[in-house]
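**Student:** Those protein sequences? They're chains F and W, same order as listed.
Note that the numbering used here has the first sequence beginning at 1, numbered continuously upward.
Note that the numbering used here has the second sequence beginning at 1001, numbered continuously upward.
Here a beta-carbon is modelled for each residue, glycine too, at the ideal position from N, C-alpha and C.
Source: prediction; values computed, not measured.
Supplied in structure tokens, the structure appears directly below.
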Amino acid sequence: MTIKLNSRIPAGPLAEKWDKHRFEMKLVNPANKRKYHVIVVGSGLAGASAAASLSELGYRVSCFCFQDSPRRAHSIAAQGGINAAKNYQNDGDSEWRLFYDTVKGGDFRSREANVYRLAQVSVNIIDQCVAQGVPFAREYGGLLANRSFGGAQVSRTFYARGQTGQQLLLGAYQALEKEIARGGVTMYSRHEMLDLVIVDGKARGIVTRDLVTGTIEAHAADSVVLGTGGYGNVFYLSTNAQGCNVTATYRAYKKGAAFANPCFTQIHPTCIPVAGEHQSKLTLMSESLRNDGRVWVPKKTEDCGKKPGEVAEADRDYYLERKYPSFGNLSPRDIASRAAKEVCDAGRGVGPGGRGVYLDFADAINRLGEHTIRERYGNLFEMYERITDENPYKQPMRIYPAVHYTMGGLWVDYNLMSSIPGLHVIGEANFSDHGANRLGASALMQGLADGYFVLPATIGDYLANAKPDALTVEHPAFREAIDAVNARTAKLLAIGGSRTADSIHKELGHILWEKCGMARNAAGLKEALAAIPKLREEFWTNVRIPGTGGELNQSLEKAGRVADFLEFAELMCTDALQREESCGAHFRQEYQTPDGEAVRNDEDFAYVSAWEYAGEGKAPILNKEPLAFENVHLSTRSYK
Amino acid sequence: MRVFLHVWRQSSANTAGGLVDYEATDVSPDMSFLEMLDVVNQRLIVAGQDPIAFDHDCREGICGSCGMMINGAAHGPMKLTTACQLHMRSFEDGDEIWIEPWRAKAFPVIKDLVVDRSAFDRIIQAGGFISAPTGSAQDGNAIPIAKLDADDAMDAAACIGCGACVAACPNASASLFTAAKITHLGNLPQGQPERMKRALAMVQQMDLETFGGCTLFGECQEACPKGISIDTIARMNRDYLLAAITERKEKAVGGTG
């Protein structure tokens, strides 16, 4: 083992750790900040907010994104909202309660200190976004409105219609553009990071491909920040954008960064079901819909083929309300997803292939009127109708779980630094705050907490200790990295087989969905671990990529990402196999109660699994960071 | 169903392009328009040919990446719908479909249907923001904002920056895009201090980028997948006029006190 995991959690009472730590960290003198160059990869909520905030502090920043504009990062698609412990509703919320809900929602597999800090800065995020002009929903008195989300019994979610992610991202994007105009940030759009460069054991730069010209370039810096999002697209079908990928974090892993909890992948309960073979992505219907929608399936299998209106009230099974009376339709995502799978497996699913359940708004429309429902969810209802050609005001939506978010990610310490000095990881790309299951409206909160408030404070501590030097891309490490990237591109283009990268990706997704999806077991995971290397072999001998490396080549981009997914998938299954317990989104069928609830094993598995790359063809090494719970009682999660 | 495509192919910015014919077979009405193109592309790749390049990412109508002229209409025939959310049930079996990139001097073609829309980023850089450095904000409820003002701001802020307004405009004007941002920020109390400066700078940048002027054809409003109203342009013009006649010189800041 070469990696030493030091979480660097500050000593002292939980609520005082962050303030104390901020005081104890070193500062970089304002006049010296411009001597440091920081690379930020990714321009989503975490990346854009970090790049803008670091530039405001005076650091020289270069920011990279593969999209044609930083405004298009996938954070833009988040619908429902962002949590904050403001307690504007006077309903008993507090930083402590948001902290507790998040730790419990994550099934006690996250770090207490990180989560408490997240709850603390959540209130600053709302203030910051309002100041930037984010048009949050308001009450008639002019004050901010809130709604409820899963896993919480208070109303703490702020929102901008069903486009909260878009509005928060545009706020961060506009701050970023302001800094670009000022000269503090140099933006590289349509650039994809293909490798991390290490010099003297520290992250000192990246290698990128200019997606328009194909030019492979190196960039040197004093520190590298990855805000490159999650790896949900390893499943092929997910709610992620088409371009989302694991490449940046996986390349960092191969250069020595530990990858934590890769098997913790969230399946979102409310997505539009698969319509056919051609399907390229799945579309989320915001969890906020569960505020007013009631989930049900027919009680009898013979009713499943009927129109929903023809199933009598007495013959409907509102299974979430029945099984989890205190949280009902607002049960956490992992629980609601599994419950949907269970009723469909029992033959009571609706729609094509029986893979769907109803989300019914009839009661809410009767109670509140169609106008109110339209005001709350109008854009979501329209989106649903465009995709399915069904009107959800007149008949219930059909929904089914789909891959949505990945709690796993690169391991980071309290300062958000990975196991490679100088490499910081923020937002969905790191593992730190959500444990084994993320609560709704917490991803936006974490991305912005990391980017606006945590990283700008902690990166100074690293930089103050790493004096600026004259390192440039002339250093041999950069040459080597460029050569390696060029060689890999040439290898991909030379295969000249008969299959598309997409078709292989689809096959990979199928394996993972069946064996490492909503429910896993040892036998299935072993089958996946046998099948994945064969598929990888198929890829490297039989994929076909037309065109050259020296032009805009979307097939080449896709193939490079699929190649990394094919390696990463194995790490994910390996992690799922070693975690012999059920916790949060990781449901091992061997570990459940007679009525199908998860059985966690705190005795043996209250740790973060942090995987270390051991070299080509070698099994990865498992490092464990034990999780200590000093402030919450490790209870069996119950939403009944 | 089966459709016949005429697709604009252009290998790079500096080469000539032209329409190439393709046939898409086994098309399901439940497919999205881009999934139909995926199927064509998969076939081209297997045949060793260059697939059709087009920008796309979220495929749920919010990122603004996709955009193409479909039968002469930006994003195709369905109102309030991006190309990725357009479904093949909007077409008939046997239809001919013409697919072209956005056409505008300020949006040069990069390849096939992919165009360079970085001019939009530069318009935002000119002033499409509120300067609120991280950490300096007061409590979010300190300034009440009337619900109708917040709603109007949100209506304008819904712009996804796809460029359909430019592509649909006979003048290739970026007025709707620019006006949407000016309206979003100008409707909020936080946006007032920079309101005049913003209007001048953004309009000036829009002209520098070689977008055409607005002559109120109204095509932009028809093409906009997010329903941004042309009323925003009236507001932009009002702010611009007011700013032009009330412009004040910036003062040199100096002295350490």
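Could you tell me whether the Cβ of W/T1232 comes closer than 7 Å to any Cβ of chain F?
**Tutor:** The residue labelled residue 1232 of chain W in the question sits at position 232 within the second sequence. With 7 Å as the cut-off, W/T1232 does not count as an interface residue toward chain F.
**Student:** Taking 7 Å as the threshold (C-beta atoms), are W/H1087 and W/S1028 in contact?
**Tutor:** If you number the second sequence from 1, residue 1028 of chain W lands on position 28. If you number the second sequence from 1, residue 1087 of chain W lands on position 87. It is not a contact, given that the beta carbons lie outside the stated cut-off.
**Student:** Take F/N631 and list the residues in its own chain whose beta-carbon comes closer than 7 Å to its own, dropping the five residues that flank it on each side.
**Tutor:** Residue mapping note: residue 631 of chain F aligns to position 631 of the first sequence, counting from 1. These residues qualify, in order along the chain: L14 and E112.
**Student:** Give the straight-line distance between the Cα atoms of W/D1095 and W/H1006, rounded to the nearest whole angstrom.
**Tutor:** Position 95 of the second sequence holds residue 1095 of chain W. Position 6 of the second sequence holds residue 1006 of chain W. Computed Cα separation, rounded: 11 Å.
**Student:** The alpha helix (DSSP H) spanning F/Y377 covers which residue range?
**Tutor:** Locating residue 377 of chain F in the first sequence gives position 377, where the first residue counts as 1. E370 to T388 is the span of the alpha helix (DSSP H), which, as asked, contains F/Y377.
**Student:** Please decide whether W/F1129 counts as near chain F, where near means a Cβ-Cβ distance under 7 Å.
**Tutor:** Here residue 1129 of chain W refers to the residue found at position 129 of the second sequence. So, interface residue.
**Student:** Rounded to whole angstroms, what's the CA-CA distance from W/I1228 to F/V28? Just pull it up for me.
**Tutor:** Working through the second sequence from its first residue, we reach residue 1228 of chain W at position 228. Working through the first sequence from its first residue, we reach residue 28 of chain F at position 28. Taking the straight line joining both Cα atoms gives about 45 Å.
**Student:** Mind checking which residues open and close the alpha helix (DSSP H) that includes W/A1243?
**Tutor:** Residue mapping note: residue 1243 of chain W aligns to position 243 of the second sequence, counting from 1. D1231 to T1246 is the span of the alpha helix (DSSP H), which, as asked, contains W/A1243.
**Student:** Does any residue of chain F bring its CB to less than 7 Å from the CB of W/Q1205?
**Tutor:** Your numbering for residue 1205 of chain W matches position 205 in the second sequence. Output row for W/Q1205: interface = no.
**Student:** Return the CA-CA distance between F/I9 and F/F431, expressed in angstroms with no decimal places.
**Tutor:** What you label residue 9 of chain F is simply residue 9 of the first sequence in a count that begins at 1. What you label residue 431 of chain F is simply residue 431 of the first sequence in a count that begins at 1. Between F/I9 and F/F431, the C-alpha separation is close to 15 Å.
**Student:** So F/K506 contacts chain W; which residues on that side make the cut at Cβ distance below 8 Å?
**Tutor:** Here residue 506 of chain F corresponds to residue number 506 of the first sequence, with the count starting at 1. The premise fails here: F/K506 is roughly 10 Å from chain W at the closest Cβ pair, so nothing lies under 8 Å.
**Student:** Between W/F1129 and W/L1034, what straight-line distance do the alpha-carbon atoms span, to the nearest angstrom?
**Tutor:** Residue 1129 of chain W sits at position 129 when you count from the first residue of the second sequence. Residue 1034 of chain W sits at position 34 when you count from the first residue of the second sequence. Whole-angstrom Cα-Cα distance: 33 Å.
**Student:** For W/M1196, which option in W/E1250, W/I1230 and W/M1154 has the closest C-alpha, if you only look at C-alpha atoms?
**Tutor:** Taking the first residue of the second sequence as position 1, residue 1196 of chain W is located at position 196. Measuring from the Cα of W/M1196, the nearest candidate turns out to be W/E1250.
**Student:** Let's test the definition: count the other Cβ atoms within 10 Å of the Cβ of F/Q554 and tell me whether it reaches 16, buried, or not, exposed.
**Tutor:** Along the first sequence, one-based indexing puts residue 554 of chain F at 554. Its Cβ being crowded by 16 or more others within 10 Å, F/Q554 is buried.
**Student:** Identify, in the order they occur along the chain, each residue of the same chain with its Cβ nearer than 6 Å to the Cβ of W/A1156, setting aside the five sequence neighbours on each side.
**Tutor:** Locating residue 1156 of chain W in the second sequence gives position 156, counting from the first residue. Around W/A1156: A1180, T1183, H1184 and T1232.
**Student:** If you reduce the DSSP assignment to three classes, tell me which class W/F1211 lands in.
**Tutor:** Along the second sequence, read from residue 1 onward, the residue named residue 1211 of chain W stands at position 211. Looking at W/F1211 - three-state DSSP - the assignment turns out to be coil, as it is neither helix nor strand.
**Student:** Using only the alpha-carbon positions, how far apart do F/L577 and W/N1014 sit?
**Tutor:** In the first sequence, counting from the first residue as 1, residue 577 of chain F sits at position 577. In the second sequence, counting from the first residue as 1, residue 1014 of chain W sits at position 14. Between F/L577 and W/N1014, the C-alpha separation is close to 53 Å.
**Student:** Alpha carbon to alpha carbon, how far is F/G44 from F/G305?
**Tutor:** Residue 44 of chain F sits at position 44 when you count from the first residue of the first sequence. Residue 305 of chain F sits at position 305 when you count from the first residue of the first sequence. Cα to Cα, F/G44 sits roughly 43 Å from F/G305.
**Student:** Please identify the residue among W/A1158, W/D1139, W/I1143 and W/G1212 whose C-alpha is closest to the C-alpha of W/S1173.
**Tutor:** Locating residue 1173 of chain W in the second sequence gives position 173, counting from the first residue. Of the candidates W/A1158, W/D1139, W/I1143 and W/G1212, the one whose C-alpha sits nearest the C-alpha of W/S1173 is W/G1212.
**Student:** So, at 8 Å on beta carbons, what are the nonlocal neighbours of W/Q1190 in its own chain, with the 5 sequence-adjacent residues on each side left out?
**Tutor:** Walking along the second sequence from the start, residue 1190 of chain W turns up at place 190. I1130, A1132 and I1143.
**Student:** Using the C-alpha atoms, what's the distance from W/Q1010 back to W/A1016?
**Tutor:** Against the second sequence, residue 1016 of chain W aligns to sequence position 16. Against the second sequence, residue 1010 of chain W aligns to sequence position 10. Going by the C-alpha atoms only, they are around 6 Å apart.
**Student:** Give the range of the beta strand (DSSP E) segment to which F/V225 is assigned.
**Tutor:** Here residue 225 of chain F is taken as the residue at index 225 of the first sequence, counted from 1. It spans S223 to L226 - the beta strand (DSSP E) in which F/V225 sits, taken as one unbroken run.
**Student:** For F/E310, count neighbouring C-beta atoms within 10 Å of its own C-beta (all shown protein chains included) and say buried if the count is 16 or more, exposed if not.
**Tutor:** By 1-based counting over the first sequence, the position of residue 310 of chain F is 310. F/E310 is exposed by the Cβ-count criterion.
**Student:** Can you tell which of F/Q67, F/H633, F/Q279 and F/D303 has its C-alpha closest to the C-alpha of F/H505?
**Tutor:** The residue you call residue 505 of chain F lines up with position 505 of the first sequence. Of the listed residues, the one whose Cα sits closest to F/H505 is F/Q279.
**Student:** Note down, in chain order, all residues in the stretch 442 to 459 of chain F with a beta-carbon under 8 Å from any beta-carbon belonging to chain W.
**Tutor:** Listed in sequence order: Y452, F453 and P456.
**Student:** In whole angstroms, what is the alpha-carbon distance linking F/A172 and W/M1154?
**Tutor:** Taking the first residue of the first sequence as position 1, residue 172 of chain F is located at position 172. Taking the first residue of the second sequence as position 1, residue 1154 of chain W is located at position 154. When rounded, the distance between both Cα atoms is 16 Å.
**Student:** Using the beta-carbon of each residue, which ones in chain W are nearer than 7 Å to F/I3?
**Tutor:** The residue labelled residue 3 of chain F in the question sits at position 3 within the first sequence. Going along chain W, no residue has its Cβ under 7 Å from F/I3, so there is no contact; the nearest lies around 32 Å.
**Student:** What's the C-alpha gap between F/P648 and F/E570?
**Tutor:** Outside the shown range of chain F (1 to 640) lies residue 648 of chain F, about which nothing can therefore be said.
**Student:** If we count the other Cβ atoms within 10 Å of its Cβ and call it buried at 16 or more, is F/R479 buried or exposed?
**Tutor:** On the first sequence, residue 479 of chain F is found 479 positions in, with the first residue counted as 1. Exposed.
**Student:** Using the C-alpha atoms, what's the distance from W/D1149 back to W/A1137?
**Tutor:** Position 137 of the second sequence, counting from 1, holds the residue named residue 1137 of chain W. Position 149 of the second sequence, counting from 1, holds the residue named residue 1149 of chain W. If I take the Cα positions, the gap works out to 20 Å.
**Student:** Suppose contacts are defined by Cβ-Cβ distances below 7 Å. Is F/V224 in contact with F/L54 by that definition?
**Tutor:** Taking the first residue of the first sequence as 1, we reach residue 224 of chain F at position 224. Taking the first residue of the first sequence as 1, we reach residue 54 of chain F at position 54. Contact flag unset, no.
**Student:** Under a three-way DSSP split, which group does F/Q578 fall into?
**Tutor:** Residue 578 of chain F sits at position 578 when you count from the first residue of the first sequence. Helix.
**Student:** Interface residues of chain W around F/V403 at Cβ under 8 Å?
**Tutor:** Taking the first residue of the first sequence as 1, we reach residue 403 of chain F at position 403. Neighbours of F/V403 on chain W: none; closest Cβ ~15 Å, over 8 Å.
**Student:** Please list the segments of the alpha helix (DSSP H) lying wholly inside the stretch 235 to 322 of chain F, counting only runs of 4 or more residues, in order along the chain.
**Tutor:** Runs found: 247 to 254.
**Student:** Using a C-beta to C-beta distance shorter than 8 Å, which residues of chain W count as neighbours of F/S238?
**Tutor:** Working through the first sequence from its first residue, we reach residue 238 of chain F at position 238. Correct list: empty, because the minimum Cβ distance to chain W is about 11 Å.
**Student:** Where are the alpha helix (DSSP H) runs, 4 residues long or more, that stay fully inside the stretch 127 to 165 of chain F, in chain order?
**Tutor:** Within the stretch 127 to 165 of chain F, no complete alpha helix (DSSP H) run reaches 4 residues.
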